[in-house]
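Report on the structure given below.
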């Protein structure tokens, strides 16, 4: 893997407080808007705040998948809920905290400690989490199924 990568995103304003996001290397466009908590916000559309929290959550998953594969950890399912807290800090709004709630289903209890260690390692190595100032916390659930 090279040392630097570039990710390009294009955004086009549509109307009101809504735009359409795309990338030259992706097929799907995403509508994005001001969230309804703000003046003229639009419900039911992805907001920058949702995408910010989603980037941390999805990075945890992709980092976990890579580490689990390299560690040969067998698992049945991985799910994660995430919650971002938007608050004023030093007079500016920012996402101050992101809480991650991953649930990992493994085939047997004998790999439970190892699974927990790999999830912790995944959180530690998540490049998005390592790129932001928000406090990241993780509450893991391991299931046997």
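Numbering (the numbering used here), first residue to last: 3 to 147. Note that the Cβ used here is the ideal one computed from N, Cα and C, for glycine as well.
Considering only DSSP beta bridges, list what residue i is partnered with.
| i | result |
| --- | --- |
| residue 21 | 15, 34 |
| residue 95 | 90 |
| residue 140 | 102 |
| residue 145 | 107 |
| residue 6 | Residue 6 is not bridged to any residue. |
| residue 83 | 103 |
Just tell me which of the options has its CA closest to the CA of residue i.
| i | options | result |
| --- | --- | --- |
| residue 86 | 92, 97, 32 | 97 |
| residue 137 | 31, 19, 126 | 126 |
| residue 101 | 35, 57, 4, 6 | 57 |
| residue 88 | 10, 135, 18, 20 | 135 |
| residue 33 | 71, 19, 6, 48 | 48 |
| residue 112 | 66, 23, 147 | 147 |
| residue 95 | 14, 50, 4 | 50 |
Provide the residue span of the alpha helix (DSSP H) that contains residue i, from first to last.
| i | result |
| --- | --- |
| residue 63 | 50-73 |
| residue 121 | 114-127 |
Would you call residue i buried or exposed, if buried means 16 or more other Cβ atoms sit within 10 Å of its Cβ?
| i | result |
| --- | --- |
| residue 53 | exposed |
| residue 117 | buried |
| residue 121 | buried |
| residue 27 | exposed |
Who are the near neighbours of residue i in its chain, counting only those whose CB is closer than 6 Å to its CB and skipping five residues on each side?
| i | result |
| --- | --- |
| residue 45 | 38 |
| residue 17 | none |
| residue 43 | 36, 37 |
| residue 141 | 103 |
Excluding sequence positions up to five away, which residues of its chain have a Cβ less than 8 Å from the Cβ of residue i?
| i | result |
| --- | --- |
| residue 123 | 69 |
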